[in-house]
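In this text, residue positions in the sequence shown follow the UniProt record's numbering: the first is 1, and each later residue adds one. As structure tokens, the structure follows; a few thoughts come after it.
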Amino acid sequence: MARNKYGNKKTVVDNITFDSQAEATYYIQLKWLLQAKQIKSFKCQPRFLLQEAYIKPDGTKVRKIEYVADFEIHNLDGSVEVIDIKGAETKEFLLKKKIYEYKFDIPLKVLAYEESLGFIELDKLKKLRKGAVSGKKSRSNKSSQSRS
């Protein structure tokens with residue numbers, strides 16, 4: 001399979017093409033949770049209308065703007081959550097996320113896959129990575145100061 005511009009390899013599972021191996025892995029987890037009756041149901045690639053199509057006064061047609069998430073999960077307690085699997089957040093995604101959160105009351109979780117941690121919220125992963133980097137910097141500063 002070809003890789004996209006972000007280096008992700010498209011992956012096919014159950015005749016569904018996913019944009020990344022991480023998305024496909026999450027789909028397999030959702031299937032297992034459904035089979036184990038841990039969730040009520042889930043949908044792949046739910047669409048959310050962020051802005052209607054319209055026609056400008058000069059007659060120019062402007063297309064609608066949609067946000068397509070990776071998954072929509074319906075939990076046993078009746079709650080719903082929207083999941084997007086990301087390695088990095090693009091400017092376009094951040095803008096669509098902001099509009100989505102303004103228009104919809106359904107929580108949006110942005111997850112990333114990390115080898116040692118599995119699926120983790122992207123914001124938490126960023127904080128862990130930032131802490132690891134700043135921890136390395138402070139240790140290297142201390143060791144260079146002790147040599148002086």
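Glycine included, each C-beta is placed from N, C-alpha and C at the ideal position. As the structure is a computational prediction, the values presented were derived from the model and not from experiment.
{"query": "Contact set for V62: own chain, Cβ-Cβ below 8 Å, skip 5 residues either direction", "result": "A53, Y54, I55, K56"}
{"query": "Beta-ladder partner(s) of N112, from DSSP", "result": "Strictly speaking, residue 112 in this sequence is Ala, with Asn absent from that position. Its beta-bridge partners are I120."}
{"query": "Under the three-state DSSP convention, the category T17 falls into", "result": "strand"}
{"query": "Three-way DSSP call (helix, strand, coil) for M1 in this model", "result": "The predicted model places M1 with a pLDDT of 49, which falls under 50 and marks its position as unreliable, so this point remains unresolved."}
{"query": "Beta-bridge pairing of I73 - partner residues as DSSP gives them", "result": "F42, E81"}
{"query": "Presumed contact (8 Å Cβ cut-off) between K37 and Y67, rounded CB distance", "result": "Incorrect: roughly 30 Å between the Cβ atoms, too far for contact."}
{"query": "Proximity winner among Y100, L125, E92, I28, relative to P46 (alpha-carbon distances)", "result": "Y100"}
{"query": "Beta-carbon separation (whole angstroms), V82 vs I65, contact threshold 8 Å", "result": "Not confirmed; about 16 Å, so no contact."}
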